[in-house]
Amino acid sequence: MIAVLAWLEQTAPSRFMREDFYAYFMALIGHAWGMALLVGGGVALCLRVLVLRGDGADAAPWRALLPLMKAGAVLAIVSGLALLAGYPAKALTNWVFAVKFACLIAATMLSRGLLRGDAPAAKARAALALALWLGGVAAGKLLLYTYAMLTTAEVLG
Amino acid sequence: MSGGAYPVDRVLDPVAIVDWAIDTGLYDIAYSAWGWPLAEIVHFSGLCLLAGSVLLFDLRALGLLRPIPLASLHRLVLLGVLGFALNLASGTLFVASAPDQYLYNPAFQVKLALMALAGANMLAFYALTKGGRRLTDAAGIVRTRVRACALLSLVCWTGVIAAGRVITAFRPPGWFWCAWCG
Numbered sequence: 034m035i036a037v038l039a040w041l042e043q044t045a046p047s048r049f050m051r052e053d054f055y056a057y058f059m060a061l062i063g064h065a066w067g068m069a070l071l072v073g074g075g076v077a078l079c080l081r082v083l084v085l086r087g088d089g090a091d092a093a094p095w096r097a098l099l100p101l102m103k104a105g106a107v108l109a110i111v112s113g114l115a116l117l118a119g120y121p122a123k124a125l126t127n128w129v130f131a132v133k134f135a136c137l138i139a140a141t142m143l144s145r146g147l148l149r150g151d152a153p154a155a156k157a158r159a160a161l162a163l164a165l166w167l168g169g170v171a172a173g174k175l176l177l178y179t180y181a182m183l184t185t186a187e188v189l190g
Numbered sequence: 026m027s028g029g030a031y032p033v034d035r036v037l038d039p040v041a042i043v044d045w046a047i048d049t050g051l052y053d054i055a056y057s058a059w060g061w062p063l064a065e066i067v068h069f070s071g072l073c074l075l076a077g078s079v080l081l082f083d084l085r086a087l088g089l090l091r092p093i094p095l096a097s098l099h100r101l102v103l104l105g106v107l108g109f110a111l112n113l114a115s116g117t118l119f120v121a122s123a124p125d126q127y128l129y130n131p132a133f134q135v136k137l138a139l140m141a142l143a144g145a146n147m148l149a150f151y152a153l154t155k156g157g158r159r160l161t162d163a164a165g166i167v168r169t170r171v172r173a174c175a176l177l178s179l180v181c182w183t184g185v186i187a188a189g190r191v192i193t194a195f196r197p198p199g200w201f202w203c204a205w206c207g
């Protein structure tokens, strides 16, 4: 595992992401914008169920958020892969990274389910989905504070 | 900040700000074991609420997400205001606990300028739409003034996110930007 990560760190894209002043921060901005669209859309799907009443709360029109959320997901994944390329050991040796994905995948599935107008216990599902969206973002923030190593050089010497 | 290589700030006294943070207990919260990370989580949760309301309202006013009623998204904007309150509280904690790292940081200055513009834009939006009650014309078309405000809001908030994200890239003293210092 560590050997593979050490090899990854020496590839050209990985070195570029670490050494170029602009590349890493451009990827961070792209990741923030992508996540804003994905999670913003997901939060809105939850808030529709939790907050809105009457005609405005009809589920069907809100399917229009899905393409926007997909676009956000693509941007977040592409920029996320660029960030991962720079510091593969930092993310892939941290279990919080797995928690982030578990939260976001579960949130996506629950939020999609909310678009079926007849979803049972919709409010409870929406509250859980909202917690999972925010949990995914929180786990992403915590990556900065919980990593075991920034690069494999710290364990390989 | 006094004496030596850096200009002296007689307008925004960072030492006085930190003293205030210490007196109010904010400083201890910020530098407790999980204080800073938790405040960041609050900050990003607020941002998620803003993105899930204001950002989507802007996109809808500009012609995307057409099936969703504009008025429904406008109702969610109140939660965006709650999100902004979370951002303001956590943001105040950051700035008060390390003022020199923000006040003289060009990314933070750009972020603050964009937030001021977004705030003025919001006031204009509510003034121009009778408090948000007149979003569409008689034919149900989104009014031009609503679209103009939405476009400016979208530019401001995407800019706020971008500038906020790169604050860490412009840490003073390397990027000591103080136009008002002596």
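Protein sequence lines correspond, in order, to chains A and B.
The numbering of the first sequence is this note's numbering, which starts it at 34 and goes up by one.
The numbering of the second sequence is this note's numbering, which starts it at 26 and goes up by one.
From the three backbone atoms N, C-alpha and C, an ideal C-beta is built for every residue, glycine too.
Keep in mind it's a predicted model, so treat the numbers as computed, not measured.
Any non-hydrogen atom of the ligand HEM closer than 6 Å to residue i Cβ
i: R170/B; result: Among the ligands in the structure shown, none appear at all, so the ligand HEM cannot be discussed.
Span separating the alpha-carbon of residue i from that of residue j
i: W66/B; j: K174/A; result: Per the sequence shown, the amino acid found at residue 66/B is Ile instead of Trp. Between I66/B and K174/A, the C-alpha separation is close to 7 Å.
i: L117/A; j: A124/A; result: 7 Å
i: T117/B; j: L81/B; result: 26 Å
i: A123/B; j: A93/A; result: 47 Å
i: W40/A; j: E187/A; result: 14 Å
i: Y57/A; j: D88/A; result: 45 Å
i: V171/B; j: G184/B; result: 20 Å
i: L147/A; j: A97/A; result: 13 Å
i: L51/B; j: A121/B; result: 8 Å
i: A140/A; j: V36/B; result: 47 Å
i: R149/A; j: A90/A; result: 12 Å
i: L84/B; j: A45/A; result: 38 Å
i: L87/B; j: G169/A; result: 29 Å
i: M34/A; j: A162/A; result: 33 Å
i: M147/B; j: G157/B; result: 10 Å
i: L128/B; j: V43/B; result: 12 Å
Enclosing alpha helix (DSSP H) for residue i [first to last residue]
i: L104/B; result: L95 to S122
i: N130/B; result: Run containing N130/B: none; DSSP gives neither H nor E here.
i: P92/B; result: Unbroken run through P92/B: none, as it is neither H nor E.
i: F58/A; result: F54 to V84
i: W40/A; result: I35 to E42
i: L193/A; result: Beyond the ends of chain A as shown, which are 34 and 190, falls residue 193/A; an answer cannot be given.
i: W166/A; result: A155 to T179
i: P121/A; result: P121 to L125
i: T169/B; result: T169 to R190
i: P62/B; result: G60 to L75
i: K133/A; result: W128 to G146
i: W45/B; result: P39 to T49
Short CB-CB distance (under 7 Å) between residue i and chain A
i: I54/B; result: no
i: F69/B; result: yes
i: M26/B; result: Below a pLDDT of 50, predicted positions are generally treated as unreliable, and M26/B, at 42, falls in that range; no measurement from the model is reported.
i: A194/B; result: yes
i: C206/B; result: no
i: R190/B; result: yes
i: C181/B; result: no
i: S97/B; result: yes
Neighbour flag for residue i against chain B, beta carbons, 7 Å
i: H76/A; result: What sits at residue 76/A in the sequence shown is Val, not His. So yes, V76/A belongs to the interface.
i: A65/A; result: yes
i: A118/A; result: no
i: A69/A; result: yes
i: V72/A; result: yes
i: L80/A; result: yes
Cβ pair residue i, residue j closer than 7 Å
i: L108/A; j: G67/A; result: yes
i: A143/B; j: C181/B; result: yes
i: F195/B; j: N112/B; result: no
i: G77/B; j: V129/A; result: no
i: A188/B; j: K136/B; result: yes
Selection of the segment 47-61 of chain A by Cβ proximity to chain B, strictly under 7 Å: F58 and L61
Short of 7 Å Cβ to Cβ, which residues in the segment 157-180 of chain A face chain B? W166, L167, V170, A171, K174, L175 and Y178
At a Cβ cut of 8 Å, what residues of the segment 83-108 of chain A count as close to chain B, listed as they run along the chain? V84, L85, D88, G89, A90, A93, P94, W95, R96, A97, L98 and L101
Under 9 Å, CB to CB, which of the residues in the segment 117-144 of chain A have a partner in chain B? Hits within the stretch: zero.
Could you name the residues of the segment 107-120 of chain B whose beta carbon sits closer than 8 Å to any beta carbon of chain A, in the order they occur along the chain? none
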